[in-house]
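Colleague: My questions will all concern the structure given below.
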Amino acid sequence: MFSQKKALTAVIGKSNSRLLYYEIQINDVHFQISEAGDYLGFYLENSEGNFTYYDDFKNDGTFGKLKTQGTKKIIYWDDYNFDGVKYGKPKSIADIDLDYWRDETFDRIKFKKLKNIGTIKIDYFDDEFSDKHNYGKIRKIGNIVVSYRDNFVFDANKYEQIKQIGNTTFEYWDDTFDKSTSGKLKSINGKNPNVKITLK
Numbered sequence: 008m009f010s011q012k013k014a015l016t017a018v019i020g021k022s023n024s025r026l027l028y029y030e031i032q033i034n035d036v037h038f039q040i041s042e043a044g045d046y047l048g049f050y051l052e053n054s055e056g057n058f059t060y061y062d063d064f065k066n067d068g069t070f071g072k073l074k075t076q077g078t079k080k081i082i083y084w085d086d087y088n089f090d091g092v093k094y095g096k097p098k099s100i101a102d103i104d105l106d107y108w109r110d111e112t113f114d115r116i117k118f119k120k121l122k123n124i125g126t127i128k129i130d131y132f133d134d135e136f137s138d139k140h141n142y143g144k145i146r147k148i149g150n151i152v153v154s155y156r157d158n159f160v161f162d163a164n165k166y167e168q169i170k171q172i173g174n175t176t177f178e179y180w181d182d183t184f185d186k187s188t189s190g191k192l193k194s195i196n197g198k199n200p201n202v203k204i205t206l207k
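Numbering (our numbering), first residue to last: 8 to 207.
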């Protein structure tokens, strides 16, 4: 069995220093997801060939959606009666499976969100009473743990901002006397590189 190339990138906004999205790479497929675990899309590295689309209207949630990109095939969950939660969402992209949390009664915060991409499991903060502002956000991607700044009283500018992703730490300007920089990103691991963390 060939080993998979995996990487996780956190894309941070330049103007407001907030997380824009996570990008999970498996081999040559890049999946983009929000911090709340919503699937945003994908793209392929070095993809060649035509785009084709599902064009047979069968009420299966696929009509007009991307079917193939070059040699890579996209399959969607198409049985509404079996699972309305997954209906119309990507089921697999280039042979990488996507699944979604579907038990609203057991854990309503995960309901409809991504459960895994390939072998990478995604988990969420689910204790509304312990930490309300983290509630529903991604807590873990594979083995990478995500944490947020959560002390509103101490520094409102940092409240809800990412504190750490794996071993990568984020620091913010917190001088309320300078509104132009307060709350904006100051450093990543003490300097300012691109944020790219390899999944283990």
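Think of the CB as a built atom: it goes at the ideal place given N, C-alpha and C, for glycine as much as any other residue. In this text the structure is predicted, and so the values were computed from the model without any measurement.
Helix or strand or just coil, what does DSSP make of residue 196?
Modeller: Of the three classes helix, strand and coil, the one that applies to residue 196 here is coil, per DSSP.
Colleague: Would you mind giving the Cβ-Cβ distance between residue 228 and residue 81, rounded to the nearest angstrom? I have them listed as a contact below 8 Å.
Modeller: This structure cannot speak to residue 228, because the chain is shown only from 8 to 207.
Colleague: Could you compute how far the alpha carbon of residue 46 sits from the alpha carbon of residue 38?
Modeller: Going by the C-alpha atoms only, they are around 8 Å apart.
Colleague: Quick check: the Cα distance between residue 196 and residue 151, rounded to an integer number of angstroms?
Modeller: Distance between the alpha carbons of residue 196 and residue 151 is about 16 Å.
Colleague: Around the C-beta of residue 8, are 16 or more other C-beta atoms found within 10 angstroms, so that it is buried, or is it exposed?
Modeller: The predicted model places residue 8 with a pLDDT of 45, which falls under 50 and marks its position as unreliable, so this point remains unresolved.
Colleague: At what residue ranges does the stretch 14-101 contain a whole run of the beta strand (DSSP E), taking only runs of 3 or more?
Modeller: Complete beta strand (DSSP E) runs here, min 3: 26-33, 36-40, 46-51, 58-60, 73-76, 79-83 and 97-100.
Colleague: So what does residue 176 bridge to, in DSSP terms?
Modeller: Bridge partners of residue 176: 171.
Colleague: May I ask you to report which of helix, strand or coil DSSP gives residue 117?
Modeller: In the structure shown, residue 117 sits in a helix (DSSP, three-state: H, G or I).
Colleague: Assuming residue 128 contacts residue 143 (C-beta within less than 8 Å), just tell me the rounded distance between them.
Modeller: That belief does not hold up - the Cβ atoms of residue 128 and residue 143 are roughly 17 Å apart, past 8 Å.
Colleague: Please work out which residues of its chain come closer than 7 Å, Cβ to Cβ, to residue 154, disregarding the five sequence neighbours upstream and downstream, and give them in chain order.
Modeller: So the qualifying residues of the chain are 170 and 171.
Colleague: Could you check the C-alpha separation between residue 64 and residue 92 for me, to the nearest Å?
Modeller: So the alpha carbons of these two residues sit roughly 20 Å apart.
Colleague: Roughly how many angstroms separate the alpha carbons of residue 11 and residue 147, rounded to a whole number?
Modeller: Whole-angstrom Cα-Cα distance: 20 Å.
Colleague: Do the CB positions of residue 145 and residue 133 come within less than 9 Å of each other?
Modeller: Contact: no.
Colleague: Throw me the rounded Cβ distance for the residue 206 and residue 15 pair, which I believe falls under 8 Å.
Modeller: Right, their Cβ atoms sit about 5 Å apart.
Colleague: Can you tell which of 204, 125, 178 and 184 has its C-alpha closest to the C-alpha of residue 192?
Modeller: Selected option, being the one with the closest Cα: 178.
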